[in-house]
Amino acid sequence: MVTDTHLYAAATPEIFMACAAMVLLMLGVFRGDGDTRLVSWLAVAAMAVAFALVWMMPGERVITFSGGFIVDGFANFAKLLILLAAAIGLIMSMGYVRAEKMERFEFPVLILLATLGMMMMVSANDLISLYMGLEIQSLALYVVAAIKRDSHRSSEAGLKYFVLGALSSGMLLYGCSMIYGFSGSTNFQAIAAHVGESGQISVGLIVGIAFLTAGLAFKVSAVPFHMWTPDVYEGAPTPITAFFAVAPKIAAIVLFMRAMIAPFAEATADWQQIVVFISMASMVLGAFAAIWQTNIKRLMAYSSIGHIGFALMGLAAGTADGVRATLVYMAIYLFMNVGTFAAILCMRRREGMVEGIQDLAGLDRNDRPMALALLIFMFSMAGVPAAAGFFGKFYVFMAAVDAGLYGLAVVGVLASVVAAFYYLRIVKIMYFDDPAEPFVKPIGPEMKVILTVTSLFVVFFAVYPAPLLEGAQAAAAALMP
Amino acid sequence: MYYLIVFLPLLASIIAGFGGRVIGDRGAQWATCGAVGLGALLSLYAFFDVAIQGNVTKLELFTWIDSGSFEVDWAIRIDQLTAVMLVVVNVVSALVHIYSVGYMSHDPHIPRFMSYLSLFTFAMLMLITADNFLQLFMGWEGVGLASYLLIGFWYEKPTANAAAIKAFLVNRVGDFGFALGIMAVFMVFGSVDFDTVFAASPEMQGKTFEFLSIDFDLMTIICVLLFIGAMGKSAQVPLHTWLPDAMEGPTPVSALIHAATMVTAGVFMVARCSPMFEFSSTALVIVTVVGAFTAFFAATIGLVQNDIKRVVAYSTCSQLGYMFFACGVGAYPAAIFHLFTHAFFKALLFLGSGSVIHALQDEQDLRKMGGLRKVMPWTYWTMWAGTLALAGIPLFAGFYSKDMILESAFARATGAGEFAYWMGLIGALMTAFYSCRLMFMTFHGEPRGPKEVMDHAHESPPVILIPLVILAIGAVGAGFVFSGYFVGDGHAAFWGTSILMLGEDNILEAAHHVPFWVKALPLVAAVSGIAIAALCYLWKTGIPGRVATFNRDAHQFLLNKWYFDELFDLLLVRSSKWLGYQLWKIGDRQIIDGFGPDGVSATVIRIARRAAALQTGFVYHYAFAMLLGVAIFTTWYFLTAWGG
Numbered sequence: 007m008v009t010d011t012h013l014y015a016a017a018t019p020e021i022f023m024a025c026a027a028m029v030l031l032m033l034g035v036f037r038g039d040g041d042t043r044l045v046s047w048l049a050v051a052a053m054a055v056a057f058a059l060v061w062m063m064p065g066e067r068v069i070t071f072s073g074g075f076i077v078d079g080f081a082n083f084a085k086l087l088i089l090l091a092a093a094i095g096l097i098m099s100m101g102y103v104r105a106e107k108m109e110r111f112e113f114p115v116l117i118l119l120a121t122l123g124m125m126m127m128v129s130a131n132d133l134i135s136l137y138m139g140l141e142i143q144s145l146a147l148y149v150v151a152a153i154k155r156d157s158h159r160s161s162e163a164g165l166k167y168f169v170l171g172a173l174s175s176g177m178l179l180y181g182c183s184m185i186y187g188f189s190g191s192t193n194f195q196a197i198a199a200h201v202g203e204s205g206q207i208s209v210g211l212i213v214g215i216a217f218l219t220a221g222l223a224f225k226v227s228a229v230p231f232h233m234w235t236p237d238v239y240e241g242a243p244t245p246i247t248a249f250f251a252v253a254p255k256i257a258a259i260v261l262f263m264r265a266m267i268a269p270f271a272e273a274t275a276d277w278q279q280i281v282v283f284i285s286m287a288s289m290v291l292g293a294f295a296a297i298w299q300t301n302i303k304r305l306m307a308y309s310s311i312g313h314i315g316f317a318l319m320g321l322a323a324g325t326a327d328g329v330r331a332t333l334v335y336m337a338i339y340l341f342m343n344v345g346t347f348a349a350i351l352c353m354r355r356r357e358g359m360v361e362g363i364q365d366l367a368g369l370d371r372n373d374r375p376m377a378l379a380l381l382i383f384m385f386s387m388a389g390v391p392a393a394a395g396f397f398g399k400f401y402v403f404m405a406a407v408d409a410g411l412y413g414l415a416v417v418g419v420l421a422s423v424v425a426a427f428y429y430l431r432i433v434k435i436m437y438f439d440d441p442a443e444p445f446v447k448p449i450g451p452e453m454k455v456i457l458t459v460t461s462l463f464v465v466f467f468a469v470y471p472a473p474l475l476e477g478a479q480a481a482a483a484a485l486m487p
Numbered sequence: 002m003y004y005l006i007v008f009l010p011l012l013a014s015i016i017a018g019f020g021g022r023v024i025g026d027r028g029a030q031w032a033t034c035g036a037v038g039l040g041a042l043l044s045l046y047a048f049f050d051v052a053i054q055g056n057v058t059k060l061e062l063f064t065w066i067d068s069g070s071f072e073v074d075w076a077i078r079i080d081q082l083t084a085v086m087l088v089v090v091n092v093v094s095a096l097v098h099i100y101s102v103g104y105m106s107h108d109p110h111i112p113r114f115m116s117y118l119s120l121f122t123f124a125m126l127m128l129i130t131a132d133n134f135l136q137l138f139m140g141w142e143g144v145g146l147a148s149y150l151l152i153g154f155w156y157e158k159p160t161a162n163a164a165a166i167k168a169f170l171v172n173r174v175g176d177f178g179f180a181l182g183i184m185a186v187f188m189v190f191g192s193v194d195f196d197t198v199f200a201a202s203p204e205m206q207g208k209t210f211e212f213l214s215i216d217f218d219l220m221t222i223i224c225v226l227l228f229i230g231a232m233g234k235s236a237q238v239p240l241h242t243w244l245p246d247a248m249e250g251p252t253p254v255s256a257l258i259h260a261a262t263m264v265t266a267g268v269f270m271v272a273r274c275s276p277m278f279e280f281s282s283t284a285l286v287i288v289t290v291v292g293a294f295t296a297f298f299a300a301t302i303g304l305v306q307n308d309i310k311r312v313v314a315y316s317t318c319s320q321l322g323y324m325f326f327a328c329g330v331g332a333y334p335a336a337i338f339h340l341f342t343h344a345f346f347k348a349l350l351f352l353g354s355g356s357v358i359h360a361l362q363d364e365q366d367l368r369k370m371g372g373l374r375k376v377m378p379w380t381y382w383t384m385w386a387g388t389l390a391l392a393g394i395p396l397f398a399g400f401y402s403k404d405m406i407l408e409s410a411f412a413r414a415t416g417a418g419e420f421a422y423w424m425g426l427i428g429a430l431m432t433a434f435y436s437c438r439l440m441f442m443t444f445h446g447e448p449r450g451p452k453e454v455m456d457h458a459h460e461s462p463p464v465i466l467i468p469l470v471i472l473a474i475g476a477v478g479a480g481f482v483f484s485g486y487f488v489g490d491g492h493a494a495f496w497g498t499s500i501l502m503l504g505e506d507n508i509l510e511a512a513h514h515v516p517f518w519v520k521a522l523p524l525v526a527a528v529s530g531i532a533i534a535a536l537c538y539l540w541k542t543g544i545p546g547r548v549a550t551f552n553r554d555a556h557q558f559l560l561n562k563w564y565f566d567e568l569f570d571l572l573l574v575r576s577s578k579w580l581g582y583q584l585w586k587i588g589d590r591q592i593i594d595g596f597g598p599d600g601v602s603a604t605v606i607r608i609a610r611r612a613a614a615l616q617t618g619f620v621y622h623y624a625f626a627m628l629l630g631v632a633i634f635t636t637w638y639f640l641t642a643w644g645g
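Chain order of the listed sequences is A and B. According to this note's numbering, the first sequence is numbered sequentially starting from 7. According to this note's numbering, the second sequence is numbered sequentially starting from 2.
Below, the structure written as structure tokens:
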């Protein structure tokens with residue numbers, strides 16, 4: 007335990023992010039919506055600085071702010087992924103924002119605040135700070151989802167997200183209060199000590215864990231708390247969907263792992279069954295429900311539900327290997343999803359954005375590089391060997407099998423077979439159907455870079471996976487020493 | 002040398018089959034004819050070396066299968082029996098190859114045809130040089146395949162395809178028995194090697210095994226199973242139905258495969274396995290009865306057929322019956338001798354018929370022929386040689402072998418033997434009648450075909466006639482030249498150890514000492530058969546019509562081949578089709594597809610619809626789902642963690 011002199015040092019990136027958000031808000035207020043682009047780039051720069059600050063953090067574990075805030079390898083690994091995802095998301099949104107004439111300087115500021123919330127979530131070491139981080143992130147995201155105020159669908163999406171999010175927050179809080187009541191503390195280490203001492207887990211704690219799990223499952227959009235996902239993904243403006251699909255998911259699943267393992271590692275057998283259930287349910291629903299979708303954003307919503315199911319498989323294992331597998335899965339998920347959404351953001355015709363899967367028909371003949379990139383992402387998501395997505399799945403399956411969760415692994419494999427159908431259908435539509443009207447070209451240079459980098463990562467991950475694997479290994483070791 | 006004999010046709014087949022486009026029709030013809038012709042010459046030399054000089058050899062090639070106690074070598078076995086077969090197969094095959102050059106000259110697929118012919122020859126050589134049952138079986142199946150390919154050679158013809166499939170399927174029935182027989186051999190003897198098995202056969206005599214609480218004699222079971230295979234391949238009742246239909250193939254094929262070589266494989270196999278059959282009297286009786294009945298049965302059908310090739314086909318079927326009952330009474334040399342002579346005159350008759358068919362622009366109906374004697378003198382005279390040989394007229398080849406068979410059957414002096422003798426005798430009468438009927442209807446009388454066809458009838462080119470002449474020489478001379486060696490005083494020295502004959506007195510010796518009337522009757526039968534045929538078809542041409550009308554039912558019965566096809570159709574084909582249809586409809590479509598691929602995909606779609614339908618768009622539904630989830634979680638905890 008480090009003394010209070012380092013109180014602020016450990017939280018430097020978060021403090022910097024908060025300050026940057028304030029500054030940019032002021033800048034926006036004084037310069038007006040005309041300078042949204044400048045604000046956006048500055049927000050990206052702020053994230054880059056925060057990224058560097060996190061990168062330079064010493065590896066050892068620091069607990070500060072009266073035990074409410076923890077910085078360790080696990081949190082840092084997650085923060086790097088979150089910052090990367092958020093920055094790319096913001097960059098991808100710029101072209102769209104301008105084209106759709108929805109330039110509002112609040113948007114980058116809100117994203118910055120949401121990212122701050124996420125960083126706090128992954129550093130939470132206390133039920134209070136957990137809730138606080140969650141709410142900073144959520145409140146920002148509620149607004150962002152409805153940012154296109156004059157769009158009926160965007161407002162609807164924002165409202166639904168808000169109402170259901172409030173409900174889930176209520177559940178989460180109720181769970182926290184139960185846990186506090188029955189363990190006498192909100193601090194993770196203290197709860198862990200209590201659970202370890204008593205040996206037998208009390209009824210109140212069980213109810214508390216159930217409600218806490220429900221609240222967290224809502225954030226990762228796991229079945230049966232996923233219902234908001236398709237509607238919000240479809241309704242929200244596409245770059246916001248792209249943002250929703252990646253950074254908050256990483257933050258939430260990391261928080262999920264922290265909240266389950268840090269206080270309740272001794273009671274793994276108790277919560278494991280529940281995680282196995284939501285993991286299975288998510289994989290299966292993600293696989294089946296996506297089959298009938300005609301809107302690519304809705305399809306991606308179900309796809310992300312399925313992916314979360316796979317990622318939760320690592321948590322369900324409850325081992326260090328499982329945690330590592332989940333982290334690797336989420337990192338790969340980041341690249342696949344960012345790439346796919348970059349492609350979706352390029353689906354623009356003269357009359358505006360299109361979102362139908364059939365609009366991709368014959369893309370191979372209209373825009374060969376983009377079709378190739380999308381092909382790579384689809385193969386990766388389906389888990390075709392050699393693509394990165396295959397290894398992600400492979401590690402979580404291994405972890406599940408090592409932990410003796412054979413049923414879960416079998417369901418996972420079967421679900422991935424079913425899911426392969428709709429990924430490959432997109433490939434078939436792109437390569438074998440008669441070409442539809444081509445999309446507007448050229449696409450922005452930043453899109454080109456993002457598409458290239460992500461697809462290269464997905465293809466060549468297999469060649470040199472060591473950095474990611476070792477990073478995840480160290481992170482997992484920090485969580486489960 | 003033996004390597005060359007066996008593998009030259011294979012080489013030629015590969016060259017003609019795969020290189021046909023490169024070397025062209027001519028090249029394919031030269032390659033195959035050259036290879037098989039060379040093989041024939043070498044075979045003749047081998048015949049003198051092995052059969053006359055007695056140089057029996059065995060060439061080990063390599064170990065084929067070595068799996069646990071199951072070891073099979075690949076070896077070429079050259080003994081007297083093989084040498085005789087080598088001559089038959091290679092000489093007839095070479096002549097048929099040459100004949101095909103002329104006969105198939107207008108066909109667009111000459112290289113394919115020549116390749117198949119050579120492939121068949123290779124498979125047949127494989128069969129006769131086999132040193133173990135498995136190798137024999139491979140040759141056995143190889144000739145079956147080649148036969149299938151050649152019957153269906155004109156694959157545009159639906160009837161040819163049907164005939165090819167029928168031949169294959171009916172042969173499968175026999176092959177099934179044969180395969181079971183080989184398995185039984187391995188089970189009992191622990192080996193499939195001829196020498197090992199034959200050496201151990203005497204000890205197995207009388208041993209039994211229990212099946213369904215009935216004791217069966219081991220040797221009988223094995224021999225009967227092997228004989229079932231022979232019945233299929235050699236067209237014995239009731240597995241004979243494919244042979245007449247096989248006439249849909251080109252005529253050279255009929256001559257080579259369905260007269261001279263493949264169909265005699267069954268006889269060869271029984272003779273080869275004589276060291277086993279000799280130890281099961283029951284099996285021998287079965288062989289005798291089946292053979293004798295086929296000899297009689299096929300001859301009756303031959304009486305009324307109107308298709309020139311079918312008459313010859315039924316005649317073949319009938320003659321094979323003679324060979325089998327010769328085996329059955331233990332006169333294996335007589336059977337092989339008849340096989341030898343029969344190969345010449347039956348191939349001759351087929352090729353002669355082919356020559357006629359060729360001349361009449363593919364007309365095969367006897368009723369539309371007639372008066373060709375003047376137009377086709379070569380064909381006419383050579384075919385007479387074959388006909389007289391078949392009828393069993395003295396000095397012609399068939400006389401020596403057929404009389405030997407009948408006398409042996411009588412000399413066996415058992416019930417089955419006598420049955421065979423009388424059946425064979427009646428058969429001989431009918432044989433003489435129908436073969437002469439064929440000759441008279443084809444070559445004598447007034448031309449009955451369409452005028453333009455008959456006017457264009459012409460003698461065939463030399464490439465067709467030369468094989469006919471060579472075969473005619475064989476049909477005339479093969480009998481008296483070789484009877485001394487095959488079945489006469491020299492037979493013991495000639496056959497050596499390749500054929501085993503048990504019994505207190507030698508059956509072939511005994512056959513020479515039967516009463517005079519036994520020897521005379523076959524000749525009387527043959528001559529009267531010819532006389533009746535002459536009466537009916539030369540002088541009083543109204544008689545056949547009146548006889549047919551008078552015995553309408555009998556005529557129809559024979560014309561429809563004893564209704565065997567209809568019977569099989571009713572019993573087997575329809576029921577199998579029904580079973581297959583039901584299995585397809587219920588088993589495959591409803592059960593496997595229903596629960597398998599189709600079922601799974603339908604289920605996936607159904608689930609997908611429902612899953613998508615869950616998404617109603619109403620917030621309170623979503624909230625309800627969340628609350629339900631929490632309720633389930635809590636209940637679960639209570640039930641598992643706390644409750645337990």
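Every residue, glycine too, gets a C-beta built ideally from N, C-alpha and C. Note that the coordinates shown come from a computational prediction; the quantities given were computed from them, not determined experimentally.
| message | Tell me which residues of the segment 423-457 of chain A have at least one Cβ-Cβ distance to chain B shorter than 8 Å, keeping chain order. | response | From the segment 423-457 of chain A, only Val-424, Phe-427 have a Cβ closer than 8 Å to chain B.
| request: Can you tell me which of the three DSSP states Met-7 of chain A falls into? | output: Because the pLDDT at Met-7 of chain A is just 47, under 50, the model does not fix this residue reliably, and the point stays unresolved.
| Residues bridged to Lys-59 of chain B by DSSP? | B:Arg-78
| field | Neighbour flag for Gly-630 of chain B against chain A, beta carbons, 7 Å | value | yes
| Hey, does Thr-604 of chain B have any beta-carbon neighbour from chain A nearer than 7 Å? | no
| said: For a contact defined as C-beta to C-beta under 8 Å, what are the partners of Val-213 of chain A on chain B? | reply: Thr-635, Tyr-638
| Alpha carbon of Trp-637 of chain B to alpha carbon of Gly-315 of chain A, nearest angstrom | 19 Å
| At least one CB of chain B closer than 7 Å to the CB of Ile-280 of chain A: is that the case? | yes
| request: Kindly indicate the opening and closing residues of the alpha helix (DSSP H) around Val-528 of chain B. | output: 517-535
| request: Please classify Asn-552 of chain B: does DSSP put it in a helix, a strand, or coil? | output: If DSSP states are grouped into helix, strand and coil, Asn-552 of chain B belongs with coil.
| query | When Cβ atoms are compared, which residues of the segment 174-192 of chain A fall closer than 8 Å to chain B? | reply | Ser-174, Met-177
| task | For Ala-476 of chain B, I'd like the list of residues in its chain whose CB is within less than 6 Å of its CB, leaving aside the five on either flank, ordered along the chain. | result | Non-local C-beta neighbours of Ala-476 of chain B in its own chain, meaning closer than 6 Å and more than five positions away in sequence, comprise Phe-345, Phe-346, Leu-349, Ala-386, Gly-387, Ala-390, Ala-398, ordered along the chain.
| Listed in chain order, which residues of the segment 9-34 of chain B have Cβ atoms closer than 9 Å to some Cβ of chain A? | none
| query | Going by other Cβ atoms of all chains shown within 10 Å of its Cβ, with 16 needed for buried, is Asp-327 of chain A buried or exposed? | reply | buried
| query | Between the beta-carbon of Ala-257 of chain A and the beta-carbon of Met-127 of chain A, is there less than 7 Å? | reply | yes
| task | Find the nearest neighbour of Leu-640 of chain B within the set A:Tyr-470, A:Leu-462, A:Ile-212, A:Leu-340, judged by alpha-carbon distance. | result | Measuring C-alpha to C-alpha distances from Leu-640 of chain B to each of A:Tyr-470, A:Leu-462, A:Ile-212, A:Leu-340 identifies A:Ile-212 as the nearest.
| Looking at Ala-405 of chain A and Ala-481 of chain A, is the spacing between their C-beta atoms short of 7 Å? | For Ala-481 of chain A and Ala-405 of chain A, no; Cβs fall outside 7 Å.
| request: Output the residue ranges of the alpha helix (DSSP H) runs that lie fully inside the segment 272-311 of chain A and measure 4 residues or longer, sorted by chain position. | output: As far as the segment 272-311 of chain A is concerned, its whole alpha helix (DSSP H) runs of at least 4 residues are 274-295.
| request: Would you mind working out which of B:Gly-630, B:Leu-11, B:Ala-512, B:Gly-581 sits nearest Ala-414 of chain B, comparing C-alpha positions? | output: B:Ala-512
| Three or more C-beta pairs below 8 Å linking the segment 457-469 of chain A and the segment 76-85 of chain B | no
| task | Under 6 Å Cβ to Cβ from Ala-502 of chain A, same chain only, skipping five residues before and after it: list those, please. | result | Only positions 7 to 487 of chain A appear in the structure, and residue 502 of chain A is not among them; the question remains open.
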